[in-house]
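Counting along the sequence shown from 1, when you hit position 60 you're at 60 in the UniProt record's numbering, and nothing is skipped either side.
C-beta: ideal position from N, C-alpha, C; glycine also.
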Amino acid sequence: MSLVSPTRTVDTTANEPLLAYTVTTSPDPLKASPENPQAPEETGELQIVGSRHSGTPADVQWIKVKVPAGPMSPDLATDLAKVTARISLSGWTARLDSAAKEFVFSPSAGHTPIGPETGFTIQLSEIPVNRKVGTSPITVTESSRTGSSAFQSRATTFHVGKFPADFYLRNLICTPLIINNGGEVTLTWERSANATYELLYGDTNLDVTKDSSKKITNVKSDTTFYLRGTTGDASNPVVRILSAQVSVIKPDLEIGNLTVHGTTQLNGATTTKNLTVGGTTSLNGATTTKDLTVNTANTLHVRTIEGSGSYGSLAIGGRLTLSTEGREVNVLSKFTVAGTTQLNGATTTKNLTVDPGADGYLWLKTGRLDTAAGTNLNAYGTVGIFKNSSQRLHANYISSGFRETTYRADGAGFLTVVLVCLSFTSNTGWRELNAYFAAQATTAGVTHTISVPQVTFSGSPSATSQMSVPVAKGGTVKVSLNNTKLPNGTGNGYFSVYWTPLGGGPNLTQVAAADLPEQDETAEEEAFETFTADAGGEPSEG
């Protein structure tokens with residue numbers, strides 16, 4: 001149990017005393033003298049202990065203690081002349097200023113320093129306590145300074161109660177003193193019946209006027225219990241407060257600001273508001289239902305980040321940087337990026353799929369696309385690479401086409417051949433619906449072929465066929481066109497031949513006959529032609 005009253009008030013921070021003071025009474029509490037003026041007065045004593053808490057001494061001219069005297073409730077004494085005043089400081093004297101109702105304590109010198117090693121006691125004994133129950137203000141004023149600054153008056157006031165003779169409040173005991181989180185305690189006390197009593201702790205205020213014990217359950221944090229007894233006239237009541245504490249093992253904490261200069265370890269942490277950390281924080285299992293914000297110029301270092309199951313998505317609105325080599329990001333399920341993704345060196349041991357719909361593509365804006373030796377580059381659909389930076393070698397109506405032409409690649413690239421049918425018929429019996437124009441491209445001993453119908457049935461999309469053939473640097477490619485129509489038949493289309501160099505290399509050059517390897521005499525003679533854009537007329541439907 002500890003005594004909280006007498007309570008105190010101080011001036012503003014600028015005028016707060018340089019010395020620290022505490023006030024106790026004897027007896028505790030003081031008893032008001034009997035109301036019967038014929039009865040002898042009760043006497044009491046004030047002990048005022050002063051000290052300097054700062055390491056720098058305070059220079060003090062004097063200390064004054066003002067004690068209200070008179071017959072009213074706020075007065076403490078009936079006659080200050082009967083009070084004996086003493087101070088424990090050597091060389092100091094005490095006197096009564098009757099007009100000001102103050103006891104003045106001063107050193108024999110004009111002023112003297114009081115440091116942290118110099119504690120002292122002021123004693124006002126044989127005080128004739130007046131006959132009215134109530135609270136009296138006891139004001140302690142010092143004239144002090146630090147260094148060579150000007151002396152300044154600084155005051156603090158203590159509120160000392162005078163209680164009825166039969167009042168008592170004592171022996172507040174908390175059992176046990178140490179409990180587990182969520183445990184319970186029992187408070188017991190002794191009290192008189194001529195007062196009202198309240199038990200206060202945390203945000204709780206209980207009326208215990210009729211009680212002398214109380215069980216408190218579900219205590220989750222270190223708690224101080226205050227027992228407040230109030231008696232006397234409502235205009236100037238007298239209050240006595242006792243306190244007791246319980247300590248909780250692994251308590252719940254609710255605080256304002258927390259400054260930690262060492263290591264902080266949170267084994268299972270939950271926050272419903274922002275958590276701001278200026279230094280290093282280690283969270284071994286942390287949960288937040290709000291944002292976890294890392295301000296500009298600060299870094300969140302994480303070994304593992306998981307966003308799975310009932311914990312939902314991991315949303316990163318800014319930049320996520322893995323700055324240390326060897327730190328991996330493992331995504332075991334779908335990884336969706338709604339905006340632009342920049343990969344400065346990326347490796348995947350599984351498939352990389354582009355599948356956003358008809359308008360999706362994998363765009364290589366600069367650099368090149370390499371495959372290692374022994375690997376394949378497979379295109380199961382159309383490879384279209386004949387638009388940007390490509391060289392159109394030939395384009396004409398199929399009926400005005402060519403037999404074959406050979407080229408040499410001064411740099412690696414793709415040769416692309418496109419065939420489009422331009423003739424249509426609504427007669428399902430036309431032979432040309434099942435007859436085809438064909439194109440071939442031969443390189444490195446491998447021949448690739450595409451074809452389109454000589455005539456397409458009306459209402460159907462225009463028949464189109466395309467192939468792209470890779471040609472190594474220094475290699476040759478022979479392009480052949482079979483544009484033979486059926487006897488007495490009709491039909492036509494359009495063909496185009498493109499060259500797309502890889503790596504920004506040189507275009508294709510047509511090979512002169514003298515530059516080709518010698519042919520077998522039985523082999524068919526190749527013809528090397530230059531094509532014009534002359535177009536024959538489109539076939540009409542028969």
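Note to self: Please state the DSSP three-state secondary structure of A81.
What the structure shows: Position 81 of the sequence shown holds residue 81. If DSSP states are grouped into helix, strand and coil, A81 belongs with the helices.
Checklist line | Stretch pair the region 111-118 + the region 58-65: three plus CB contacts closer than 8 angstroms | finding: yes
Next item on the list: Name the two residues that bound the continuous beta strand (DSSP E) containing I398.
Entry: Reading the sequence shown from its first residue, position 398 is the one you call residue 398. Careful: I398 lies outside any beta strand (DSSP E) and carries neither H nor E.
Margin query: Once the 5 residues before and after I122 are set aside, which same chain residues still bring their CB inside 6 angstroms of it?
Written below: On the sequence shown, position 122 is the one that residue 122 refers to. Here the set comprises I48 and I87.
Notebook entry, point to check: CA-CA distance, G401 and L481?
Noted result: The residue given as residue 401 occupies position 401 in the sequence shown. The residue given as residue 481 occupies position 481 in the sequence shown. For G401 and L481, the distance between alpha carbons rounds to 7 angstroms.
Item checked: For W62: DSSP bridge partner residues -> Residue numbering aside, residue 62 sits at position 62 when the sequence shown is read from its first letter. Paired residues: S143.
Next item on the list: Measure the alpha-carbon distance for V452 versus V420 and round it to whole angstroms.
Entry: As a position in the sequence shown, residue 452 is number 452, starting the count at 1. As a position in the sequence shown, residue 420 is number 420, starting the count at 1. Their backbone Cα atoms lie some 7 angstroms apart in a straight line.
Note to self: Tell me the rounded alpha-carbon separation between P137 and P68.
What the structure shows: Numbered from 1 along the sequence shown, position 137 holds the residue referred to as residue 137. Numbered from 1 along the sequence shown, position 68 holds the residue referred to as residue 68. Looking at the two C-alpha atoms, the distance is approximately 7 angstroms.
Notebook entry, point to check: Which value, in whole angstroms, describes the spacing of the CA atoms of V446 and T299?
Noted result: The sequence position of residue 446 within the sequence shown is 446, counting from 1. The sequence position of residue 299 within the sequence shown is 299, counting from 1. Spanning the two alpha carbons is a distance of roughly 58 angstroms.
Notebook entry, point to check: Buried or exposed: where does L362 fall if 16 or more other Cβ atoms within 10 Å of its Cβ makes it buried?
Noted result: As a first step, residue 362 must be located in the sequence shown, where it is residue number 362. Counting Cβ neighbours within 10 Å, L362 comes out exposed, since fewer than 16 surround it.
Checklist line | Touch test, the region 424-433 against the region 453-461, Cβ-Cβ under 8 angstroms, three pairs minimum | finding: yes
Notebook entry, point to check: Could one say the Cβ of N284 lies closer than 7 angstroms to chain C's Cβ atoms, at least one of them?
Noted result: Among the protein chains of the structure shown there is no chain C, as only one such chain exists.
Next item on the list: Give the C-beta separation of T43 and I127 to the nearest angstrom, bearing in mind that I take them to be a contact with Cβ-Cβ under 8 angstroms.
Entry: Start at 1 with the first residue of the sequence shown, and residue 43 comes out as number 43. Start at 1 with the first residue of the sequence shown, and residue 127 comes out as number 127. Yes, T43 and I127 are in contact; Cβ-Cβ is about 6 angstroms, under 8 angstroms.
Next item on the list: Might you give, ordered along the chain, the residues of its own chain that have their beta carbon closer than 6 angstroms to the beta carbon of S51, omitting 5 neighbours on each side?
Entry: Position 51 of the sequence shown, counting from 1, holds the residue named residue 51. Same-chain partners within the cutoff: A20 and G119.
Next item on the list: Look up W92 in the DSSP assignment and give the residues it is bridged to.
Entry: Against the sequence shown, residue 92 aligns to sequence position 92. P107, per the DSSP bridge assignment.
Next item on the list: Buried or exposed for P116, please, with buried defined as at least 16 other CB atoms from any protein chain shown within 10 angstroms of its CB.
Entry: By 1-based counting over the sequence shown, the position of residue 116 is 116. P116 is exposed by the Cβ-count criterion.
Note to self: Does E16 come out as helix, strand or coil in the three-state DSSP assignment?
What the structure shows: Counted from its first residue, the sequence shown places residue 16 at position 16. Looking at E16 - three-state DSSP - the assignment turns out to be coil, as it is neither helix nor strand.
Next item on the list: Would you kindly work out how many angstroms separate the C-alpha atoms of S423 and L415, rounded to a whole number?
Entry: Residue 423 sits at position 423 when you count from the first residue of the sequence shown. Residue 415 sits at position 415 when you count from the first residue of the sequence shown. When rounded, the distance between both Cα atoms is 26 angstroms.
Next item on the list: Report yes if the C-beta distance between T139 and T157 is below 7 angstroms; otherwise report no.
Entry: Here residue 139 corresponds to residue number 139 of the sequence shown, with the count starting at 1. Here residue 157 corresponds to residue number 157 of the sequence shown, with the count starting at 1. In contact: T139 and T157 (Cβ atoms closer than 7 angstroms).
Next item on the list: Would you check if the region 460-476 and the region 433-443 touch, i.e. whether three or more CB-CB distances between them fall below 8 angstroms?
Entry: yes
Check: Taking just the CA atoms, how far does T347 sit from Y407?
Finding: Here residue 407 refers to the residue found at position 407 of the sequence shown. Here residue 347 refers to the residue found at position 347 of the sequence shown. One C-alpha to the other measures close to 37 angstroms.
Note to self: Please report the distance separating the alpha-carbon of A395 from that of V417.
What the structure shows: Translated into positions along the sequence shown, residue 395 becomes position 395. Translated into positions along the sequence shown, residue 417 becomes position 417. Taking the straight line joining both Cα atoms gives about 10 angstroms.
Margin query: So, under 8 angstroms CB-CB, F163 and V238 are touching, yes? Tell me the CB distance rounded to an integer number of Å.
Written below: As a position in the sequence shown, residue 163 is number 163, starting the count at 1. As a position in the sequence shown, residue 238 is number 238, starting the count at 1. At roughly 6 angstroms, the Cβ-Cβ gap stays under 8 angstroms, so F163 and V238 are in contact.
Item checked: Among G147, L96, M72 and Y168, the one whose alpha carbon lies nearest that of P29 -> Here residue 29 is taken as the residue at index 29 of the sequence shown, counted from 1. Comparing Cα-Cα distances from P29 to each of G147, L96, M72 and Y168, the minimum goes to Y168.
Check: Near Y436, which residues of its chain fall below 8 angstroms by C-beta distance, leaving aside the five closest residues on each side in sequence?
Finding: Along the sequence shown, one-based indexing puts residue 436 at 436. Around Y436: S451, V452, P453 and Q454.
Margin query: Pop quiz: V246 and I179 are said to be a contact at Cβ under 8 angstroms. What is the actual Cβ separation, rounded to whole angstroms?
Written below: Indexing the sequence shown from 1 puts residue 246 at position 246. Indexing the sequence shown from 1 puts residue 179 at position 179. That pair is a contact at about 6 angstroms.
Next item on the list: Give the C-beta separation of F225 and A195 to the nearest angstrom, bearing in mind that I take them to be a contact with Cβ-Cβ under 8 angstroms.
Entry: Within the sequence shown, the letter at position 225 stands for residue 225. Within the sequence shown, the letter at position 195 stands for residue 195. Rounded, the Cβ-Cβ distance is 18 angstroms, inconsistent with contact.
Notebook entry, point to check: Who are the near neighbours of D97 in its chain, counting only those whose CB is closer than 6 angstroms to its CB and skipping five residues on each side?
Noted result: Locating residue 97 in the sequence shown gives position 97, where the first residue counts as 1. Result list for D97: V104, in chain order.
Note to self: Alpha carbons only, please: which of E41, S54 and T56 is nearest the one belonging to L76?
What the structure shows: Taking the first residue of the sequence shown as 1, we reach residue 76 at position 76. Checked all of E41, S54 and T56; the closest Cα to L76 is E41.
Checklist line | Assigned exposure category for M467 - 16 Cβ within 10 Å defines buried | finding: The residue given as residue 467 occupies position 467 in the sequence shown. Burial call: buried.
Notebook entry, point to check: DSSP beta-bridge partners for K31?
Noted result: In the sequence shown, the residue the question calls residue 31 occupies position 31. The partner list for K31 (beta bridge, DSSP) reads F163.
Notebook entry, point to check: Does DSSP put L332 in a helix, in a strand, or in coil?
Noted result: Here residue 332 is taken as the residue at index 332 of the sequence shown, counted from 1. Coil, per DSSP.
Notebook entry, point to check: Looking only at C-alpha atoms, which of L486, P27 and F495 sits nearest to R392?
Noted result: Sequence index remark: in the sequence shown, residue 392 carries index 392 (1-based). The shortest Cα separation from R392 among L486, P27 and F495 belongs to F495.
Notebook entry, point to check: Taking A155 as the reference, which of Q342, K273, E142 and G493 has the closest Cα?
Noted result: Here residue 155 refers to the residue found at position 155 when the sequence shown is read from its first residue. Nearest C-alpha to A155: E142.
Notebook entry, point to check: What does a CB cutoff of less than 7 angstroms around M72 pick up in its chain, not counting 5 residues either side in sequence?
Noted result: Sequence index remark: in the sequence shown, residue 72 carries index 72 (1-based). If we look at M72 and ignore the five residues flanking it on each side, its Cβ neighbours are K132.
Notebook entry, point to check: Cβ atoms of A94 and A85: under 7 angstroms apart, would you say?
Noted result: Position 85 of the sequence shown, counted from the start, is the residue given in the question as residue 85. Position 94 of the sequence shown, counted from the start, is the residue given in the question as residue 94. Yes, these two residues count as a Cβ contact at 7 angstroms.
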